[in-house]
Ligand SMILES: [Zn+2]
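Numbering (our numbering), first residue to last: 63 to 384.
Okay, here's the thing in structure tokens:
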């Protein structure tokens, strides 16, 4: 599950990608080294000691000199290592999107609101096993809302972009000098790839309208290079194709849900909808279907809001076309 040989790469002068493998998938953190050292994401609990510090040492940067850690969004594989980083870099200022702070700072909030919120009314959700990937967490010290400038050196800065959908406060960092954006999990194409080139599981956006706005926003920006949290780097026209693929996945999922409900006039639970659409959306393993619950819930919620679908008061909730 974990490769001990971290690979890393200098993408541009002073811009590094720290790579490891987690759960058969690529996992990236990014490091900006100017007069200030800025780390973007921290991996799971063991990533700092197994990949990040190792890489810093290799390029001659002391962990103590990290001046800011930006957590792009609350997820065990992105903020799980924050406590280990703060221990090694006590002066590093911890930052995240302001709507995400509560989930990053409190594991119980993360579990209840992000991973298991569909348990009670939908019989879905996730067990607590994975929570150990985040052994400790810390108070966030700077809350970004987007459009802030983070100075790296005179005349050299990163911009924060607010790119919600996968989380409410999701951040991307834009490096104008290289026309490069670091999106983490803000856009997800057809889902998360495995290191072998297959698919691990489908997209995990939560709020469909925000996710679509983020895709549209990114399409308007001067982006030459897109670097995500788990996807190979994209360059030139690949960027637009990835964004288009991300949008068409959303459209396909929506159409499949509506078509399924048309054929199930007595209604269907979220679980039934999820398992019906899952095999038609991607070729990830069947047991990866639960990862699609967040997007599926996002879709039925949006359809309910648009009054195209009605939700019952039963438990589990049943959905039918309005
Ligand atoms: Zn994520």
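We treat Cβ as the ideally placed atom computed from N, Cα and C, and that holds for glycine.
Nothing here was measured: the structure is a model prediction, and the numbers come from that model.
field: Rounded straight-line distance, which links the Cα of residue 322 to that of residue 173
entry: Cα to Cα, residue 173 sits roughly 30 Å from residue 322.
field: Coarse secondary structure for residue 131, derived from DSSP in three states
entry: It is a strand residue.
- prompt: What did DSSP end up calling residue 362 once you bin it into helix, strand or coil?
  reply: The answer is helix: DSSP assigns residue 362 an H, G or I state.
query: Going straight from the alpha carbon of residue 90 to that of residue 318, what length do you get?
result: One C-alpha to the other measures close to 32 Å.
- prompt: Can you tell me whether DSSP reads residue 308 as helix, strand or coil?
  reply: Residue 308: helix per DSSP, three-state reduction.
message: According to DSSP, simplified to helix, strand and coil, what is residue 202?
response: If DSSP states are grouped into helix, strand and coil, residue 202 belongs with coil.
- prompt: Taking 6 Å as the cut-off, is the CB of residue 137 close to at least one heavy atom of ligand 1?
  reply: At least one heavy atom of ligand 1 lies closer than 6 Å to the C-beta of residue 137.
query: Taking all protein chains shown into account, do 16 or more other C-beta atoms lie within 10 angstroms of the C-beta of residue 351, making it buried, or fewer, making it exposed?
result: So residue 351 counts as buried.
First through last residue of the alpha helix (DSSP H) which encompasses residue 183: Start and end: 181-184.
message: Less than 7 Å between C-beta atoms, sequence neighbours within five positions excluded: which residues of the same chain meet that for residue 191?
response: Listed in chain order, the non-local C-beta contacts of residue 191 below 7 Å within the same chain number zero, local neighbours out to five positions each way being set aside.
query: For residue 380, does the three-state DSSP call read helix, strand or coil?
result: Of the three classes helix, strand and coil, the one that applies to residue 380 here is strand, per DSSP.
Close Cβ partners of residue 102 (< 7 Å) along its chain, the five nearest in sequence each way excluded: The beta carbon of residue 102 lies closer than 7 Å to those of 91, 92, 132, 134, 235, 244 in the same chain, with the five residues before and after it left out.
query: Does the stretch 107-119 come within contact of the stretch 211-224, defined as at least 3 CB pairs closer than 8 Å?
result: The stretch 107-119 is not in contact with the stretch 211-224.
- prompt: Opposite residue 82 in the DSSP bridges: which residues?
  reply: BP columns for residue 82 point to 89.
task: Determine which residues share a DSSP beta bridge with residue 146 and list them.
output: Beta-bridge pairing links residue 146 to no other residue.
- request: Can you give me the Cβ contacts of residue 71 inside the same chain, cut-off strictly under 6 Å, excluding the 5 residues immediately before and after it?
  value: Non-local C-beta neighbours of residue 71 in its own chain, meaning closer than 6 Å and more than five positions away in sequence, comprise 79, ordered along the chain.
message: Let me make sure I understand the geometry here. Which of 364, 263, 169 has the alpha-carbon closest to that of residue 271?
response: For residue 271, the closest alpha carbon among the candidates 364, 263, 169 is that of 364.
- prompt: Can you name, in chain order, every residue of its own chain whose Cβ lies under 6 Å from the Cβ of residue 296, other than the five neighbours on each side?
  reply: Excluding positions up to five away in sequence, the list reads 288, 304.
When 285, 290, 291, 307 are compared against residue 298, the one with the closest alpha-carbon: Taking only the C-alpha atoms, the option nearest residue 298 is 285.
message: Quick check: what's the CA-CA separation for residue 199 versus residue 332?
response: Taking the straight line from one Cα to the other gives about 32 Å.
query: Does the count of Cβ pairs from the stretch 156-163 and the stretch 226-241 closer than 8 Å reach three?
result: The stretch 156-163 is in contact with the stretch 226-241.
task: If I'm right that residue 151 touches residue 126 with Cβ under 8 Å, what's the distance once you round it to whole angstroms?
output: About 6 Å separates the beta carbons of residue 151 and residue 126, which is inside the 8 Å limit, making them a contact pair.
Contact test: residue 247 Cβ vs ligand 1 heavy atom, cutoff 6 Å: Result yes, Cβ under 6 Å from ligand 1.
message: Within a Cβ cutoff of 8 Å, which residues of the same chain sit near residue 327, ignoring the five residues on either side of it in sequence?
response: Result list for residue 327: 382, 383, in chain order.
- prompt: In its own chain, which residues sit with a C-beta less than 6 Å from the C-beta of residue 240, not counting the 5 before and 5 after it?
  reply: The answer, listed in chain order, is 74.
task: Compare the Cα-Cα distances from residue 293 to each of 262, 184, 277, 220 and report the closest residue.
output: Relative to the Cα of residue 293, the nearest Cα in the group 262, 184, 277, 220 belongs to 262.
message: Distance check for residue 201 and residue 246, CA to CA, integer angstroms please.
response: Looking at the two C-alpha atoms, the distance is approximately 21 Å.
query: By Cβ distance below 7 Å, which residues in the same chain neighbour residue 309 in space, the five residues on each side in sequence not counted?
result: Closer than 7 Å at Cβ, skipping near neighbours: 274, 277.
task: Spell out the partners DSSP gives residue 72 in its beta bridges.
output: Answer is 78, bridged to residue 72.
message: Since residue 147 and residue 110 should fall inside the 8 Å C-beta cutoff, what is the C-beta to C-beta distance between them, to a whole number of angstroms?
response: Contact flag correct, Cβ pair sits at about 5 Å.
query: Is it the case that the Cβ atoms of residue 99 and residue 128 are separated by a distance below 7 Å?
result: For residue 99 and residue 128, yes; Cβs fall inside 7 Å.
message: Counting C-beta neighbours from all protein chains within 10 Å, is the total for residue 194 16 or more, i.e. buried, or is it exposed?
response: The residue in question, residue 194, is exposed, as its Cβ has fewer than 16 Cβ neighbours within 10 Å.
field: Cβ neighbours of residue 315 in the same chain (closer than 7 Å, five flanking residues each side left out)
entry: These residues qualify, in order along the chain: 339, 343, 357, 361.
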